[in-house]
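For the protein sequence lines, the chains are A and B, in the order given.
The opening position of the first sequence corresponds to residue 1 in this note's numbering, with each subsequent residue numbered one higher.
The opening position of the second sequence corresponds to residue 1001 in this note's numbering, with each subsequent residue numbered one higher.
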Amino acid sequence: MRNLWTIARREIASYFTSPVFWVVATVFMVFSGFLFGFILNSPGQQAEMTQLLSLYSTVMLFAAPVLAMKLLAEEQRTGTLEVLMTAPVNDWQVVWGKWLGALCMFVGLMSLTLAHVAILLRYAEKGMDWGPLLASYLGLFLLGGMLLALGVFTSSLTQNQAIAAFVGIMLIMILWFLSLVSQIFPNGGWFVKTIGYIGLSDHFNNFSQGIIDSRDVIHMVTFTVGSLFLATRILESRRWR
Amino acid sequence: MKSQPAQDREVMIQAEHLARYYGPSPALRDITFDAYRGEIVGFLGPNGAGKTTTMRILTGYLPPTSGRASIAGFDIIEQSMEVRRHIGYLPETTPLYTDMTVWSYLDFMARLRGVANRDDAVERAMSRVNLDDRADQVIGQLSKGLRQRVGIAQAVLHDPPVVILDEPTIGLDPRQIQDVRSLIHELKGNHTVIISTHILSEAEQLCDRVLVINRGEIVAAASPEELQTQLAGAQAVRVVLAPSVQPREVEKAFADIEGVAGVASEGDGRYLVKVTANGNPRAAIAQNVVGRGWPLLEMTPIGMSLERIFLELTADADVVDESELDPDTDAGEEDGDA
């Protein structure tokens, strides 16, 4: 556990000196700020934070692989992985520690949107519907963890950060559109339902409606653990190749 | 200088028949050696000989395809975590996190290694490599020589009994090379140090023992002094007797002389007497020949330069034999014979 946090801490410190992180953070803040202002100022539009968060989550589809791309690819390119893997640290601690570091940065980024919540709260006449909001944040957290884990996985595959990010985005897009399969074939059998379940987008939508369904939680946690497990195995396989 | 006989000292590294295949092609065929406490052992060999692979196996980064090894008594496969606690390792490329400061990097490594008194350990490691005033400098802005020192500091941070440095002087300028060499020299005694190099003089200067590795095998193991002896002295002696003397008798007579490794008759009364390392049987041979009343026509030491030994050893994996002896000496002697 101590090793995990040591590695996570180093990752967090390294994000702050990384231009990529500041670009991602800036793009995210500009985009979410713009959306917030736009929706707030549209006449007749309900100011719903959950709807906004669901829009913000689409930014994360691209941002997460970019945040995660360096985690293992860069270590493999520079050879620092060899030092890590000959220190008294387990491979899984390296992988999970890096993921944890990225997740902390993600949470930091997302917590900036609390400013939007605060603004809404200031002007809300009927108060805030807290249930769906909290569920949305929980969904966002789980989604972020899952997308970053997929990013860690693609980052373990290559020494090239750009390839890691690109493959990560492609993978996430494919998973995202899998959800559409069940919409295209609404009367499909178990196969279609299974494909639909694997897809990403429906699960987050439930959260933004205030529904915390164990199926959605299990889906995201499974993807997270599975991706990190695969990344660990790929690191281990370097020893045997 | 071998101050003590090997059997009196504690074995820190034990490698037995290590082999490693990448697919069907062998990177390491058969590596067997011991290293003792306080000893500096050099892996000498051309690039691609298997030096790095051996080091990676010892550090637990790569498992061997076959064979076994232990470090400080811990098996490299079964007790990998213990092994990792007992080694400090600097890979060839000196991989460091260039975005960190010297202090934060060493602190990070100390945390990972579970060093108890972190601040002290980091400070001590930095002063050992003369980096005291660089604590807050970003590693990416350091020169290659300074980075090498950071890498070595990282390897000795936790005061491990075994330090493994892969080509520690590669890519440095002459002054930096001297710095790093004297650093390594200072490690001697407290740590068992393994370095790899393809520079002969470096191995001579630094190491208590040199293992010449070629094509994944140890082709020679000797102290630099022994190598030096080979450089200056004879490795073989050519003896020419009157052809009337029976070769079988000569072979029998010479074989009992101390320092003789083997005798080969070349016909016409010419014999090649191979000499053991450090041996100098020339006087004994002469006495023996004269004592038996055999007419001695000629006796010539055949020298081999260290460079030549190295080149020949690494040209193919065979042990030193006659074909590797200096042809110049050979030719000059032929004239005298006529």
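Built from N, CA and C at the ideal position, the CB exists for glycine as well.
Here the structure is a predicted model, which is why all the values come from computation and not from measurement.
By alpha-carbon positions, which one of Y1089(B), T1059(B), L1090(B), L1272(B) ends up nearest to D1075(B)?
By 1-based counting over the second sequence, the position of residue 1075(B) is 75. Answer by Cα proximity: T1059(B).
If you measure from the beta carbon of L1062(B) to each beta carbon in chain C, is any gap under 8 Å?
Within the model displayed, chain C is absent; protein chains A and B are what it includes.
With a 10 Å radius around its C-beta and 16 neighbouring C-beta atoms as the bar for buried, classify S1323(B) as buried or exposed.
By one-based count along the second sequence, residue 1323(B) stands at place 323. With a pLDDT of only 38 at S1323(B), under the threshold of 50, the placement of this residue in the model should not be trusted; the figure read from the coordinates follows. With fewer than 16 other Cβ atoms within 10 Å, it is exposed.
May I ask you to report which of helix, strand or coil DSSP gives V1162(B)?
By one-based count along the second sequence, residue 1162(B) stands at place 162. V1162(B): strand per DSSP, three-state reduction.
Any chance the stretch 1088-1099 of chain B sits against the stretch 1066-1074 of chain B, with 3 or more Cβ pairs inside 8 Å?
no
Going by DSSP, which residues form a beta bridge with D1034(B)?
The residue labelled residue 1034(B) in the question sits at position 34 within the second sequence. D1034(B) pairs with Q1014(B).
Just to confirm my understanding: we take A1317(B), look at its own chain, exclude 5 residues before and 5 after, and list those with CB closer than 7 Å. What are they?
Taking the first residue of the second sequence as 1, we reach residue 1317(B) at position 317. For A1317(B), the predicted model reports a pLDDT of 42, less than 50, meaning its position is unreliable; a value from the coordinates is still stated below. Closer than 7 Å at the Cβ level, and outside the excluded window around A1317(B), lie N1214, R1215, E1217, V1219.
Under 8 Å between C-beta atoms, does P1168(B) make it to chain A?
Locating residue 1168(B) in the second sequence gives position 168, where the first residue counts as 1. Answer no: the Cβ-Cβ gap between P1168(B) and chain A never drops below 8 Å.
Go ahead and label L1112(B) buried or exposed: buried means 16 or more other beta carbons lie within 10 angstroms of its beta carbon, across all protein chains shown.
Indexing the second sequence from 1 puts residue 1112(B) at position 112. Looking at its Cβ environment, which holds 16 or more other Cβ atoms inside 10 Å, L1112(B) is buried.
Name, please, each residue of chain B whose Cβ falls closer than 7 Å to the Cβ of R10(A).
Taking the first residue of the first sequence as position 1, residue 10(A) is located at position 10. The answer, in chain order, is F1108.
Taking Cβ-Cβ distances shorter than 7 Å, what residues in chain A pair up with R1085(B)?
Within the second sequence, residue 1085(B) is the residue found at index 85, counting from 1. Result: P88.
Out of curiosity, what's the CA-to-CA distance linking V1263(B) and F1254(B)?
Taking the second sequence and counting its residues from 1, one reaches residue 1263(B) at position 263. Taking the second sequence and counting its residues from 1, one reaches residue 1254(B) at position 254. So the two alpha carbons sit approximately 7 Å from each other.
Under DSSP, the alpha helix (DSSP H) around P1084(B) begins and ends at which residues?
In the second sequence, the residue the question calls residue 1084(B) occupies position 84. In the sequence on display, residue 1084(B) carries Arg and not Pro. Segment 1080-1085, the alpha helix (DSSP H) holding R1084(B).
Rounding to the nearest angstrom, what Cα-Cα distance links G37(A) and D1173(B) in this structure?
The residue labelled residue 37(A) in the question sits at position 37 within the first sequence. The residue labelled residue 1173(B) in the question sits at position 173 within the second sequence. Using only the alpha carbons, I get a separation of about 59 Å.
Determine whether the Cβ of S14(A) lies closer than 8 Å to any Cβ atom of chain B.
Looking up residue 14(A) in the first sequence gives position 14. Yes, S14(A) counts as interfacial toward chain B.
Tell me which residue opens and which closes the alpha helix (DSSP H) that E1204(B) is part of.
Position 204 of the second sequence, counted from the first residue, corresponds to residue 1204(B). First-last of the alpha helix (DSSP H) with E1204(B): 1200-1206.
Which residues bound the alpha helix (DSSP H) around V89(A)?
For this step, residue 89(A) is matched to residue 89 along the first sequence. Per DSSP, V89(A) is not a residue of any alpha helix (DSSP H), being assigned neither H nor E.
So what does DSSP say about I1218(B), is it helix, strand or coil?
Locating residue 1218(B) in the second sequence gives position 218, counting from the first residue. In this structure, DSSP gives I1218(B) an extended state, which the three-state scheme calls strand.
Does the beta carbon of R1111(B) come closer than 8 Å to any beta carbon on chain A?
The residue you call residue 1111(B) lines up with position 111 of the second sequence. Chain A, which has a Cβ nearer than 8 Å to the Cβ of R1111(B), makes this yes.
Taking all protein chains shown into account, do 16 or more other C-beta atoms lie within 10 angstroms of the C-beta of E1039(B), making it buried, or fewer, making it exposed?
Reading the second sequence from its first residue, position 39 is the one you call residue 1039(B). With 16 or more Cβ atoms within 10 Å of its Cβ, E1039(B) is classed as buried.
Please decide whether M1081(B) counts as near chain A, where near means a Cβ-Cβ distance under 8 Å.
The count along the second sequence starts at 1 and reaches residue 1081(B) at position 81. With 8 Å as the cut-off, M1081(B) counts as an interface residue toward chain A.
Assign E1298(B) to one of two classes, buried (16 or more other C-beta atoms within 10 Å of its C-beta) or exposed (fewer than that).
The residue labelled residue 1298(B) in the question sits at position 298 within the second sequence. Result: exposed.
Reducing DSSP to helix, strand and coil, say where P1224(B) ends up.
Taking the first residue of the second sequence as 1, we reach residue 1224(B) at position 224. Note: P1224(B) maps to helix in three-state DSSP.
L1096(B) CB to nearest chain A CB: under 8 Å?
Locating residue 1096(B) in the second sequence gives position 96, counting from the first residue. Yes, L1096(B) lies at the interface with chain A (some Cβ there is under 8 Å from its Cβ).
Among the candidates L180(A), L148(A), Q183(A), whose CA atom is the shortest distance from the CA of V167(A)?
Numbered from its first residue, the first sequence carries residue 167(A) at position 167. Ranking L180(A), L148(A), Q183(A) by Cα distance to V167(A) puts L148(A) first.
Would you please verify whether the beta carbon of E125(A) is less than 8 Å from any beta carbon of chain B?
If you number the first sequence from 1, residue 125(A) lands on position 125. No, its Cβ sits nowhere closer than 8 Å to a Cβ of chain B.
Report all residues from its chain with a CB closer than 6 Å to the CB of S136(A); omit the five preceding and five following residues, and keep chain order.
Start at 1 with the first residue of the first sequence, and residue 136(A) comes out as number 136. Closer than 6 Å at the Cβ level, and outside the excluded window around S136(A), lie T50, L53, F207, S208.
Are the C-beta atoms of T78(A) and some chain B residue less than 8 Å apart?
By 1-based counting over the first sequence, the position of residue 78(A) is 78. A Cβ of chain B is located within less than 8 Å of the beta carbon of T78(A).
Output the distance between the C-alpha atoms of S1223(B) and I1195(B), rounded to the nearest integer angstrom.
The residue given as residue 1223(B) occupies position 223 in the second sequence. The residue given as residue 1195(B) occupies position 195 in the second sequence. Pairing S1223(B) with I1195(B), the inter-Cα distance amounts to about 14 Å.
Under a Cβ-count criterion, where at least 16 other Cβ atoms within 10 Å of its own Cβ denotes burial, should V30(A) be classed as buried or exposed?
Position 30 of the first sequence, counting from 1, holds the residue named residue 30(A). By the neighbour-count rule (16 or more Cβ atoms within 10 Å), V30(A) is not buried but exposed.
Any beta-carbon of chain B closer than 8 Å to the one on V221(A)?
Position 221 of the first sequence holds residue 221(A). No, V221(A) does not count as interfacial toward chain B.
Just curious, the alpha helix (DSSP H) that E1249(B) is in, first and last residue?
Taking the second sequence and counting its residues from 1, one reaches residue 1249(B) at position 249. It spans 1247-1255 - the alpha helix (DSSP H) in which E1249(B) sits, taken as one unbroken run.
Identify each residue in the stretch 1270-1297 of chain B for which the Cβ-Cβ distance to at least one residue of chain A is less than 7 Å, and report them in chain order.
Answer in chain order: no residues at all.
I'd like the span of the alpha helix (DSSP H) that includes I234(A), first residue to last.
Here residue 234(A) refers to the residue found at position 234 when the first sequence is read from its first residue. From DSSP, the alpha helix (DSSP H) with I234(A) extends over 214-240.
Which residues in chain A sit within 8 Å of T1059(B), going by Cβ to Cβ distance?
For the purposes of this step, residue 1059(B) is taken as residue 59 along the second sequence, with counting starting at 1. Correct list: T86.
Does DSSP classify M1(A) as helix, strand or coil?
Translated into positions along the first sequence, residue 1(A) becomes position 1. Correct three-state label for M1(A): coil.
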